[in-house]
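At position 83 of the sequence shown the residue is numbered 83 (UniProt numbering), and the sequence of numbers has no breaks.
Positions of the beta carbon are idealized from the N, C-alpha and C atoms, including for glycine.
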Amino acid sequence: LIIAEKPSLGRNIARALGLKKRGNGYIEGEKYIVSWAFGHLFELFDVDGYYAQKMKWKDVELPFTPKKFKFKVKQNKGVEDQFKILKKLMEREDVDGIINCGDADREGQIIVDRIIKES
Numbered sequence: 001l002i003i004a005e006k007p008s009l010g011r012n013i014a015r016a017l018g019l020k021k022r023g024n025g026y027i028e029g030e031k032y033i034v035s036w037a038f039g040h041l042f043e044l045f046d047v048d049g050y051y052a053q054k055m056k057w058k059d060v061e062l063p064f065t066p067k068k069f070k071f072k073v074k075q076n077k078g079v080e081d082q083f084k085i086l087k088k089l090m091e092r093e094d095v096d097g098i099i100n101c102g103d104a105d106r107e108g109q110i111i112v113d114r115i116i117k118e119s
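Spelled out as structure tokens, the structure:
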């Protein structure tokens with residue numbers, strides 16, 4: 001499974017590999033499946049997400065730095081659907097590895113790493 005950072009990159013990779021079979025949110029051939037993110041699919045929890053109850057900012061001790069950051073899928077139908085597609089593709093029995101084709105920078109690495117970690 002090849003995960004690109006954005007659809008245009010995914011389509012270019014699929015074209016270069018000669019992949020023709022289009023699915024919903026991916027393109028595949030005999031040896032490879034190419035899918036993509038839409039940039040960042042995740043966002044950080046708000047402060048409330050770290051507490052058992054809803055908090056008012058005046059009650060939050062500042063600076064607020066959680067011991068471990070929590071992430072959630074962005075509330076956007078397209079993003080939510082694409083993450084579900086990526087999860088299903090990662091669970092396929094014929095997938096024996098994942099190739100990170102995020103942009104060649106820290107952000108590109110983080111985008112695909114977060115998808116893998118949250119799956």
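Residue of the options minimising C-alpha distance to residue i
i	options	result
E80	W36, A16, I27 and Y32	W36
I27	E43, P7, G39 and F38	P7
K70	G39, I110 and E43	E43
V34	Y50, R15 and V47	R15
G49	I111, V95, G23 and K68	K68
N76	G39, D59 and V112	G39
K74	G10, R114 and G23	R114
N24	I110, V112, D103 and G78	G78
Contact set for residue i: own chain, Cβ-Cβ below 7 Å, skip 5 residues either direction
i	result
I116	I98
I13	I2, A4, V34 and C101
Y32	I2, L17 and L19
Whether residue i touches residue j by CB criterion (9 Å)
i	j	result
R106	L1	no
K72	F45	yes
Outcome for residue i when other beta-carbon atoms lying within 10 angstroms are tallied against a minimum of 16
i	result
L41	buried
E5	buried
residue 139	Any answer about residue 139 is impossible in this case: the structure gives the chain only from 1 up to 119.
F83	buried
G29	exposed
L62	exposed
G108	buried
Same chain only: Cβ atoms within 8 Å of residue i, ignoring 5 sequence neighbours per side
i	result
M90	L1, I98, I116 and S119
Nonlocal neighbours in the same chain, by C-beta distance under 6 Å from residue i, ignoring five residues either side
i	result
V95	L1
V60	V47
G10	A4, V34 and W36
K54	D48
P66	Y50
D103	E5
* beta strand (DSSP E) runs contained entirely in the UniProt domain "Toprim" (1-119), provided each spans 3 or more residues -> Counting only runs of 3 or more, we get 2-4, 21-23, 26-28, 33-36, 42-44, 71-73 and 99-101.
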